[in-house]
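Q:
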Amino acid sequence: MKILTSAVAAMLLAAGSAHALTETYSQSSAMATTNWSNTFGITQFDSSLGTLNSVTLTLTGTVLGNANAESLDAAPSTITLNSSANITAAFLATSLSVTVSPIATVSFAATSYDDDLDFGGTSGNSYSGLTNFSTGTGTLTSNLAAFIGTGTIDMTLSAVGTSSGSGPGNIITQFLTQGSGLATVAYDYTPTSSVPLPAGLPLLAVALGGLGLLRRRRKAA
0 MKILTSAVAA MLLAAGSAHA LTETYSQSSA MATTNWSNTF GITQFDSSLG TLNSVTLTLT
60 GTVLGNANAE SLDAAPSTIT LNSSANITAA FLATSLSVTV SPIATVSFAA TSYDDDLDFG
120 GTSGNSYSGL TNFSTGTGTL TSNLAAFIGT GTIDMTLSAV GTSSGSGPGN IITQFLTQGS
180 GLATVAYDYT PTSSVPLPAG LPLLAVALGG LGLLRRRRKA A
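Each step along the sequence shown adds one to the number in numbering that gives the first Met the number 0, with nothing skipped, and position 76 is 75.
1. Only counting the same chain, and skipping five residues up and downstream in sequence, which positions put a Cβ closer than 8 Å to that of residue 37?
2. Going by beta-carbon coordinates alone, are residue 103 and residue 122 separated by less than 8 Å?
3. Tell me residue 190's beta-bridge partners as DSSP assigns them.
4. Kindly indicate which residue of 97, 105, 148 has the alpha-carbon position closest to the one of residue 47.
5. Let's test the definition: count the other Cβ atoms within 10 Å of the Cβ of residue 181 and tell me whether it reaches 16, buried, or not, exposed.
6. For residue 136 and residue 78, I'd like the C-alpha separation in whole angstroms.
7. What does a CB cutoff of less than 7 Å around residue 127 pick up in its chain, not counting 5 residues either side in sequence?
8. Whose CA, out of 56, 177, 161, 107, lies closest to the CA of residue 97?
9. Going by DSSP, which residues form a beta bridge with residue 121?
10. Quick one: grab the DSSP three-state call for residue 144.
11. Which of helix, strand or coil does DSSP assign to residue 153?
12. Is it right to say residue 151 is buried, meaning 16 or more other beta carbons lie within 10 angstroms of its own, or is it exposed?
13. On a CA-only basis, which of 183, 130, 107, 132 is nearest residue 120? Give me that one, please.
14. So the candidates are 43, 93, 70; which of them puts its Cα closest to the Cα of residue 114?
15. Quick check on residue 161: does DSSP put it in helix, strand or coil?
16. Does the distance from the CB of residue 178 to the CB of residue 62 come in under 8 Å?
17. Rounded to whole angstroms, what's the CA-CA distance from residue 183 to residue 52? Just pull it up for me.
18. Expressed to the nearest angstrom, what Euclidean distance is found between the alpha-carbon atoms of residue 94 and residue 109?
19. Rounding to the nearest angstrom, what Cα-Cα distance links residue 26 and residue 144 in this structure?
20. State the start and end residues of the unbroken beta strand (DSSP E) segment that holds residue 40.
21. Grouping DSSP H, G and I as helix and E and B as strand, with all else coil, what is residue 74?
22. Am I right that residue 161 and residue 85 are in contact with their C-beta atoms under 8 Å? What's the rounded C-beta distance?
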């Protein structure tokens, strides 16, 4: 009886306590040639739901590019091409921002200049579909006022191309860099109202308490 009564008490305590919940919103910018910037309105946290504890911003950025290179050098060399971009999600009204830098790298061995500037032959090369992605996260736990309300808060998604090449002192490179971004905002909050008790649970607790009292009286007699 004691064990059963304790179990019911634990159920009452658990049912009456509030647990943190999460509400999420996402926005994305499709693959496009850098440099670009887009602004989105993210739904604010409704304070009638509870107390906002933190805001977490998760960003996945993808780079996709083409790269060409031709060595004009008099000696053989190794050429490395990087298709890359800095992709950023930021709430400009706050300090919350995340930047990721996806990069796709390729290298090739080039001979001395083959006297044909065609990004091919033995001294050049061309690549398409160079792609990679990167994910980053940032969390804000204070100064959350800008995220609370019944409207929206502006979030900016942007991409800046940073593609580059390296190799001999005499080299020509060409790049076409594209980027995309997916940003997810998560509101972690504690609800204002507790979870309602099952209808029969309080009556069960009273009944068990009465049985326990009756049992003690019988033992005393």
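From the three backbone atoms N, C-alpha and C, an ideal C-beta is built for every residue, glycine too.
Keep in mind that this is a model prediction, so the values were computed, not measured.
A: Taking the geometry as given:
1. Stepping through the sequence shown from its first residue, residue 37 is reached at position 38. So the list reads 28, 155, 156, 157, once near-sequence residues are dropped.
2. Residue mapping note: residue 103 aligns to position 104 of the sequence shown, counting from 1. Residue mapping note: residue 122 aligns to position 123 of the sequence shown, counting from 1. The beta carbons of residue 103 and residue 122 sit no closer together than 8 Å.
3. Stepping through the sequence shown from its first residue, residue 190 is reached at position 191. Answer is 49.
4. Within the sequence shown, the letter at position 48 stands for residue 47. Residue 148 is the option with its Cα nearest to residue 47.
5. As a first step, residue 181 is located in the sequence shown; it is residue number 182 there, counting from the start. Under this definition residue 181 is a buried residue.
6. For the purposes of this step, residue 136 is taken as residue 137 along the sequence shown, with counting starting at 1. For the purposes of this step, residue 78 is taken as residue 79 along the sequence shown, with counting starting at 1. Roughly 33 Å separates the two Cα atoms.
7. In the sequence shown, the residue the question calls residue 127 occupies position 128. Here the set comprises 65.
8. On the sequence shown, residue 97 is found 98 positions in, with the first residue counted as 1. Nearest C-alpha to residue 97: 56.
9. To locate residue 121, count along the sequence shown from 1; it is residue 122. DSSP, once it has assigned bridges, lists no residue as partnering residue 121.
10. Start at 1 with the first residue of the sequence shown, and residue 144 comes out as number 145. Helix at residue 144.
11. What you label residue 153 is simply residue 154 of the sequence shown in a count that begins at 1. When secondary structure is reduced to three states using DSSP, residue 153 falls in the strand class.
12. Residue 151 sits at position 152 when you count from the first residue of the sequence shown. Per the 10 Å Cβ criterion, exposed.
13. Counting from 1 along the sequence shown, the entry for residue 120 is found at position 121. Distance check between residue 120 and each of 183, 130, 107, 132 places 107 closest, using alpha-carbon atoms only.
14. On the sequence shown, position 115 is the one that residue 114 refers to. Considering only alpha carbons, the answer is 70.
15. Along the sequence shown, read from residue 1 onward, the residue named residue 161 stands at position 162. The answer is coil: DSSP assigns residue 161 none of H, G, I, E or B.
16. In the sequence shown, the residue the question calls residue 178 occupies position 179. In the sequence shown, the residue the question calls residue 62 occupies position 63. Yes, the pair counts as a contact, with Cβ atoms nearer than the cut-off.
17. Numbered from its first residue, the sequence shown carries residue 183 at position 184. Numbered from its first residue, the sequence shown carries residue 52 at position 53. Those two C-alpha atoms are separated by around 17 Å.
18. Here residue 94 corresponds to residue number 95 of the sequence shown, with the count starting at 1. Here residue 109 corresponds to residue number 110 of the sequence shown, with the count starting at 1. Cα to Cα, residue 94 sits roughly 46 Å from residue 109.
19. For the purposes of this step, residue 26 is identified with residue 27 of the sequence shown, where counting begins at 1. For the purposes of this step, residue 144 is identified with residue 145 of the sequence shown, where counting begins at 1. Rounded to the nearest angstrom, the two C-alpha atoms are 21 Å apart.
20. If you number the sequence shown from 1, residue 40 lands on position 41. Boundaries of the beta strand (DSSP E) harbouring residue 40: 35-42, taken from the DSSP string.
21. Counting from 1 along the sequence shown, the entry for residue 74 is found at position 75. Of the three classes helix, strand and coil, the one that applies to residue 74 here is coil, per DSSP.
22. Translated into the one-based positions of the sequence shown, residue 161 becomes position 162. Translated into the one-based positions of the sequence shown, residue 85 becomes position 86. Residue 85 and residue 161 do touch by the CB rule: their CB atoms are close to 6 Å apart, below 8 Å.
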